[in-house]
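Read through the structure below, which is laid out as structure tokens, and then see the notes.
Numbering (the working numbering), first residue to last: 164 to 1280.
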């Protein structure tokens, strides 16, 4: 059988050599029976399926493995090397490759099989460098533990066409000259070195530091093989493309008008000071980068000096904010990834300092920009109090960066060139637009190049912007393609028409494809280099296999398939780009599309044949157990097939596909993961009820993933498909939609949903649902601050709950009504409602409702009777502890501890915070930990333990930044100000107060800002800065006259501060008013404390209370 296979293979090779003479039709017709016979023989022999594809192969082995371990026991040697190879193989997996075979002291790995990636060669080289790094680590470890000296490995990499699959390693078998060359290259690599072939080098130019070596002589290869040693990743990488073939520099063809536009835009920016932003769009390989390359070459010979900034999008960091800008300035300012933080800051400050200056202001602007773009400037004093306010950081840094380019353009014209814009992160895109807005007023030209996929993510990019010009690159015409071929092959005396036509027809106007295809012809010996001319080898040209492009051949390939295979592809196309053999089998069986009874065999045979033809690929692992998963080679092929299916058949196939997915996902507990897919199948099948149900499930899954916009879209589809008489289902979907709208902040839509839910509940004549609908409406009004409307909604909710006899819902709403009435200042009604809510809560056998109600009612009592509020919270905490609501319990304990401290019971506050902190640490809840530490800092300040207070607060500063809590950070700075002030360090206190004041203002907390500002005024009095103290006291007084003490954390201390400042500046009238209002405020608070002990403690424990009382008494005297 093997001899027969060899004879058939030789016959095919002979036919291929006669293709020029016999013609394609004759050869193709003759090949079919030969190929079918080979497939039959391979199947009988049990050979695994094969396919030919381009991959990158990596070999590595341990240098002189026998020698380095000669002093060890063989069993130890085996274990050591096995462990070492496993560690050395990890970089392969980390860079999208996989090891196909371990070989004692080395292994073979492949990148691009079974799944290909555009950057497989780059990933293989990166894996090789990481392997060398791991080997260095192993060298130290093995030297110390096993006395193994000079543990080293060598790595070889090659890219080429291989046969995947066979009889030795099943699907991991790689056969062909590319594999042989990879192992020869690895053998030639120096110890501790990485060697790559010319084929790999062509894919990774410009990314790595490369050293060309002398060509090697490799067994099985007639000519010396060019090789390159990879020394590392370039510290400043911009991918470089060779502009020509085999050393011949070529002219740019077919882009004259686009090039002229760039030249004109540049001249306008230089001479008239009117810049522009230009985006050049086109599919991969159409010459976008070549256009930039030619522009840069042209720029080099111009007399004017310009500042050039080079940026590039990278797929691997597309999710990192501002990554493109960071890389651009790192390249411009020569910042290396290996630079220390100090050197990085120095280079940033020097680079930006050319425009901003190198003083404190310039450094501040640099630090803002650096921090925004991803350089670590967090320890710079200029960013203190800003890091946890991302909006402030973004706005200021953006403004500074705009100012930088404005200032730069006044010194020299500037040009920004950005490649691969489609891989640039969204934050960088926004920043590009921000700077683009100013280009018409300054000498700045921004040129971006992108694939059209950018417009899927940013459909409005460049639209309706006068400063922004979009240039769309088109494929080359045939005439231009011919010019390009002739330009590249200028050393060939006479280019055969067959070669020219083959290249032009396959490339379809793609200049990059033309170049790469011609390079391949050099590699395969079709074109032979010579001096001074090159020649084309006719025999090799007749035998060469040119990879066919998808465009233009898809329909023809489909038409040439057997009927059964066409039908299998149609069923697969309904499923999607990825599909499963069992789905096709069930759909075909249920639909009766095949008359043959052995459907499983027919499906398997058809899929095998389609796989052999490279129309589909099998996936290494399937999503469903017991199935084989496949994927179309290209989604365009799937789309072409789908359009051939009759519409009435589509309905059937989609419905059956959905049924299979439902069964399969339920069996594997993955239904929700496939909910949207199932919904869409049912939708196309016309099964609207099923589609609606699955869209609802998809929406709720998206909500759980915090993808609220997607959740909204799914639920709206569900609502649209629901039959009008299914009121219960409509209530379920609309309730979910209503909640999501609230989260998204779509006020109008949320209010409309609330009204719709009320109407629906009335239509269903269900008072329980009606109570819930009004409750939802009231709760949303509360979040918007519409307390009167909230109250009205709660009244209606209470009526419905009472009609339904639902005491639990009634109690919950009564508790919320208490909070609402308190905010409205309706204290008498709030008191009555609070009593009723507490009565019902204690009658209910429902701890959750009771705890919530106690917490809500305590809001009222905190304003009228603080001691009773404390008892309610303590009762709530006990319930929460009993029912295991530990997070809510810890939160309630923080509130309780704060009341203790603010009432003068410092020891109780300390104990409560300590218990809450212990609980928060057990829960590993960083936010609760943070607030306990913050409040312990305040409590220790009140106790006069200033150093202990600072220890807690400085720790809190760190955690505030970690959890991005700007309010807590500002409060912490303010409390630090109190502790420094208490210990007499007024300079440090003022700095902390100042940071707190700025931050509170920025986040819209003016009352807290006045607390910090009063601290600044007190410090200014102490250091003799009366003008500043007067200015700040005036600002505080203006606030108090307009707002009263509302929102202040320490109102009595603030009134006392004003009195002291006014006394120092001789303003007796306002001093008296400050004392009067401060005393009134203190007594109003004291009057709300019914417990005598609590009242006395409040009046006597705070130094500011004692001081304001003494001043008031003196005034009366």
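Ideal placement from N, C-alpha and C gives every residue a C-beta, glycine not left out. Every value quoted in this text rests on a predicted model; they were computed, and no experiment measured them.
Closest residue to residue 252 among 294, 598, 382, 376 (Cα-Cα distance): Out of 294, 598, 382, 376, 294 has the C-alpha closest to the C-alpha of residue 252.
Residues near residue 1053 by beta carbon distance below 6 Å, same chain, minus five either side: 1079, 1082, 1083, 1091
Touching by the beta-carbon criterion (3+ pairs, under 8 Å), the stretch 811 to 825 and the stretch 833 to 851: yes
Straight-line gap, residue 855 to residue 585 (C-alpha atoms, nearest Å): If I take the Cα positions, the gap works out to 35 Å.
The ligand GDP heavy atom lying under 7 Å from the CB of residue 582: The ligand GDP is not among the ligands present in this structure, which contains no ligands whatsoever.
Backbone CA spacing between residue 650 and residue 458 [nearest angstrom]: 19 Å
From 926, 930, 929, 959, residue whose alpha carbon lies closest to that of residue 940: 959
Contact belief for residue 258 with residue 440 at Cβ below 8 Å, rounded distance in angstroms: Rounded, the Cβ-Cβ distance is 36 Å, inconsistent with contact.
Beta-carbon proximity check, residue 765 vs residue 793, cutoff 8 Å: Residue 765 is not a Cβ neighbour of residue 793, given a cutoff of 8 Å.
Other residues of its chain near residue 206: CB distance less than 7 Å, five sequence neighbours each side excluded: In this predicted model, residue 206 has a pLDDT of only 47, less than 50, meaning its place in the structure is not dependable enough to derive any value.
Distance between residue 816 and residue 358 (C-alpha atoms, nearest Å): Roughly 52 Å between the two C-alpha positions.
Minimum Cβ-Cβ distance from residue 629 to chain C less than 8 Å: Among the protein chains of the structure shown there is no chain C, as only one such chain exists.
DSSP-derived helix/strand/coil call for residue 1145: Three-state result, residue 1145: helix.
Beta-carbon proximity of residue 383 to residue 343, cut-off 8 Å: yes
Per-residue burial, residue 254 [other beta carbons within 10 Å of its own, 16 or more giving buried]: buried
Stretch pair the stretch 427 to 439 + the stretch 602 to 610: three plus CB contacts closer than 8 Å: yes
Element boundaries [alpha helix (DSSP H), containing residue 1236]: Start and end: 1231 to 1250.
Own chain, CB closer than 7 Å to residue 1109, minus 5 neighbours either side, in chain order: 1142, 1145, 1146
Beta-carbon gap between residue 1119 and residue 1097 smaller than 8 Å: Remark: C-beta atoms of residue 1119 and residue 1097 approach each other more closely than 8 Å.
Which of helix, strand or coil DSSP assigns to residue 365: Three-state result, residue 365: coil.
Bridge partner(s) assigned by DSSP for residue 272: 221, 262
Beta-carbon proximity of residue 485 to residue 361, cut-off 8 Å: no
Enclosing alpha helix (DSSP H) for residue 237 [first to last residue]: 237 to 257
Residue burial classification, residue 859 (beta-carbon count within 10 angstroms, cutoff 16): buried
Element boundaries [beta strand (DSSP E), containing residue 374]: 371 to 379
CB-CB length for residue 957 against residue 923, believed under 8 Å: Going by Cβ atoms, the distance from residue 957 to residue 923 rounds to 20 Å, so no, they are not a contact pair.
Contact set for residue 1168: own chain, Cβ-Cβ below 8 Å, skip 5 residues either direction: 1130, 1133, 1210
Contact check, residue 284 vs residue 379, beta carbons under 8 Å: No, Cβ-Cβ distance for residue 284 and residue 379 is not below 8 Å.
Beta carbon of residue 689 nearer than 8 Å to that of residue 680: no
Euclidean distance between Cα positions of residue 561 and residue 1043: Distance between the alpha carbons of residue 561 and residue 1043 is about 47 Å.
Separation of residue 557 from residue 606, as counted between CA atoms: 25 Å
Ordered list of alpha helix (DSSP H) runs contained in the stretch 1116 to 1181, each at least 4 residues: 1129 to 1145, 1149 to 1165
Cβ neighbours of residue 916 in the same chain (closer than 7 Å, five flanking residues each side left out): 897, 900, 901, 904
Under the three-state DSSP convention, the category residue 1002 falls into: Residue state, collapsed to three classes: helix.
Best match in 1235, 731, 341, 377 for proximity to residue 353 [C-alpha to C-alpha]: 377
Proximal residues to residue 611 (C-beta, below 6 Å), its chain only, five neighbours per side dropped: 442, 581, 584
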